[in-house]
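Chains as they are written, first to last, in the working numbering: chain A, 387 to 741; chain B, 4 to 188.
Cβ atoms here follow ideal geometry from the backbone N, Cα and C, with glycine treated the same way.
If you want it as structure tokens, here you go:
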């Protein structure tokens, strides 16, 4: 510990000792809690009435063919007629489902920070302010691990009606290691979302395998840029069912993505300077993006660590550019990365109103 | 370096009172100290702690059964402060301009600007929120980078980076030369 750190510790502790003394914190917290509940449900409603205000939790419905190992229905993805008209597909690990096409991405536990809360598709694991709202969750759809720990960021579970808005219909279905939760005012919409949810252990509707180990830089096996539309597949560093998000680009956007990669300078980087990078030797990426065409892997985009940024084309590498990152990170991505400037021009969620 | 100013981080599970009122009676003041160092304002500190405890109350049995209730509440507090910062950032002016001698431009603060502790604290308050949280958790709460990462919801390496960059920014703000020592190590 150097001199500044020592002085800093002393200074902060000294300042902490100047903190106000609040002898009635517990009583104040109880009063604040009562006030929060009254505020949420309106002054004319009591607590009991608010909790009992018609929140309906419905056991999951099942459909489609039975999964061979009994963990849930599996649909093939040869055709995509399982996606209702006007809806879009989403994949989280091996769980694939469809949601209304205009549903924006967002965090269902952060609804009270929005001016106009609306149903959200909540992709777990993204950056969050962890603002505690009451009730905890708003309307939307999410997919969470289905183990014993089914709690949200504040320990609220998804089985307690008090954690959802008045009048919410909550439909749930367990598929493999995950649980799909659909929360809508309309029971029909909630049921429809749940009915589309299925396990997919192959290639999803957007052309992304639901399991694909991240290829180490310099070791990617690729087949080139040709092959039709590009699928953008974001993977975690897990061993299996590691697809975090998928998207199939339009023909025009696919051409733009190819052009962005083609025009990127040869080499690797940009990386953080050594004095700004605390990447441990051998530290593995927590996520990377695969550009894939109908004929196979096209390019791996490594952006997660503060060193080793690159587009790996198999036989060569390109530097990361904002233009490449624009196509690599699909709307709904919520994370962080080093090398500032690469995220200056990401695509916006098309379902969000212009700012 | 476990300090009297911090929540006990290694006090053992048995040392944590199960009852909400008992817990607040024994740990509430430490939460308030952390909140005060983070917010820089006594009223804001009390407000944030009240809010965190109010939100913890209905789920207290789960929190107290968690592996580390203190860490859970720290996490709620740090994130509540970040949320507060976002909601009120338009009107917040947390010593954004630190002069080389550390004094803030607000005349009302001149009276308390003289000491070394004030200079450092003001500089910490001027840091970006992620760096401010990480530096405070590191040097006020004496937490490891892994613990800071858990509380702030980022990887250990990211927490280390926030602390390192915070220290570098502090040196720049205070007009101190960079060091070759293992800063943030």
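Legend entry - Sheet register partners of residue 713 (chain A) (DSSP bridge): Its beta-bridge partners do not exist; DSSP assigns none.
Inset, instruction - To the nearest angstrom, report how far apart residue 506 (chain A) and residue 525 (chain A) are at their CA atoms. - result: 7 Å
Legend entry - chain A contact for residue 23 (chain B) (CB, 8 Å cutoff): yes
Legend entry - Alpha-carbon to alpha-carbon, residue 161 (chain B) and residue 78 (chain B): Approximately 16 Å, taken between the alpha carbons.
Legend entry - Beta carbon proximity, residue 139 (chain B) to chain A, threshold 8 Å: So yes, residue 139 (chain B) belongs to the interface.
Legend entry - Beta-ladder partner(s) of residue 526 (chain A), from DSSP: Residue pairing by DSSP places residue 526 (chain A) opposite A:506 and A:569 in a beta bridge.
Inset, instruction - For chain A, find out if any of its Cβ atoms is closer than 8 Å to the Cβ of residue 70 (chain B); answer yes or no. - result: no
Inset, instruction - Quickly, what does DSSP pair residue 550 (chain A) with across the bridge? List them, please. - result: Partner(s): none; residue 550 (chain A) has no beta bridge.
Inset, instruction - Determine whether the Cβ of residue 80 (chain B) lies closer than 8 Å to any Cβ atom of chain A. - result: Interface residue (Cβ-Cβ distance to chain A less than 8 Å): residue 80 (chain B) is not classified as such.
Legend entry - Other residues of its chain near residue 652 (chain A): CB distance less than 8 Å, five sequence neighbours each side excluded: 702, 703, 704 and 705
Inset, instruction - Give the residues from the region 42–54 of chain B that approach chain A closer than 7 Å (Cβ to any Cβ), ordered along the chain. - result: 45, 48, 49, 52, 53 and 54
Inset, instruction - Determine whether the Cβ of residue 134 (chain B) lies closer than 8 Å to any Cβ atom of chain A. - result: no
Inset, instruction - Out of A:689, A:629 and A:408, state which residue places its alpha-carbon closest to the alpha-carbon of residue 585 (chain A). - result: Closest option to residue 585 (chain A), Cα to Cα, is A:629.
Inset, instruction - Evaluate residue 72 (chain B) with the Cβ neighbour count: other Cβ atoms within 10 Å of its Cβ, from every protein chain shown; 16 or more gives buried, anything less gives exposed. - result: buried
Legend entry - Ordered list of beta strand (DSSP E) runs contained in the region 24–82 of chain B, each at least 3 residues: none
Legend entry - Any chain B beta carbon closer than 8 Å to residue 401 (chain A): Against chain B, the CB of residue 401 (chain A) has a partner CB under 8 Å away; the residue lies at that interface.
Legend entry - Three-state secondary structure (DSSP) of residue 427 (chain A): For residue 427 (chain A), the predicted structure reports a pLDDT of 33, less than 50, and the residue's modelled location is therefore unreliable. A value from the coordinates is still provided. It is helical.
Legend entry - Other residues of its chain near residue 717 (chain A): CB distance less than 7 Å, five sequence neighbours each side excluded: Cβ within range, chain order: 491, 733, 734, 735 and 736.
Legend entry - DSSP-derived helix/strand/coil call for residue 679 (chain A): strand
Inset, instruction - Give me the Cα-Cα distance between residue 599 (chain A) and residue 32 (chain B), rounded to the nearest whole angstrom. - result: 48 Å
Inset, instruction - Kindly indicate if chain A contains any beta-carbon less than 8 Å away from that of residue 119 (chain B). - result: yes
Legend entry - Short Cβ contact (8 Å threshold) for residue 714 (chain A) with residue 687 (chain A): yes
Legend entry - Test item: CB-CB of residue 637 (chain A) and residue 615 (chain A) under 8 Å: yes
Inset, instruction - For residue 173 (chain B), collect the residues of the same chain with a Cβ closer than 6 Å to its Cβ; drop the 5 residues on either side in sequence, then sort them by chain order. - result: Its chain contains 126 as the residues whose beta carbon lies nearer than 6 Å to that of residue 173 (chain B), once the 5 sequence neighbours on both sides are disregarded; these appear in chain order.
Inset, instruction - Output yes if chain B places a C-beta closer than 8 Å to the C-beta of residue 407 (chain A); else output no. - result: yes
Legend entry - Paired residues, beta bridge with residue 698 (chain A) - DSSP: A:686 and A:703
Inset, instruction - Could you check what DSSP says for residue 736 (chain A) in three-state terms: helix, strand or coil? - result: coil
Inset, instruction - Run the CB neighbour count on residue 471 (chain A), radius 10 Å, all protein chains shown included, and call it buried at 16 or more, exposed below. - result: exposed
Legend entry - From B:159, B:120, B:64 and B:68, residue whose alpha carbon lies closest to that of residue 401 (chain A): B:120
Inset, instruction - Excluding the 5 residues preceding and the 5 following residue 143 (chain B) in the sequence, name in chain order all residues of the same chain whose CB lies nearer than 6 Å to its CB. - result: Beyond the five residues adjoining it in sequence on each side, residue 143 (chain B) comes within less than 6 Å, by CB distance, of 40 in the same chain, given in chain order.
Inset, instruction - Quick one: using the 10 Å Cβ neighbour count with 16 as the cut-off for buried, is residue 521 (chain A) buried or exposed? - result: Label assigned to residue 521 (chain A): buried.
Inset, instruction - Give the secondary structure of residue 619 (chain A) by DSSP, where H, G and I count as helix, E and B as strand, and everything else as coil. - result: strand
Inset, instruction - State the CB to CB distance for the pair residue 795 (chain A) and residue 634 (chain A), rounded to an integer number of angstroms; the pair is presumed to be in contact (CB under 8 Å). - result: No information on residue 795 (chain A) is available, as it lies outside the stretch 387 to 741 that chain A covers here.
Inset, instruction - Using a cut-off of 8 Å between C-beta atoms, extract the partners of residue 173 (chain B) located in chain A. - result: 390 and 394
Inset, instruction - Consider the Cβ of residue 565 (chain A): report whether some Cβ of chain B lies at a distance smaller than 8 Å. - result: no
Inset, instruction - Determine the DSSP secondary structure at residue 179 (chain B), reduced to helix, strand or coil. - result: coil
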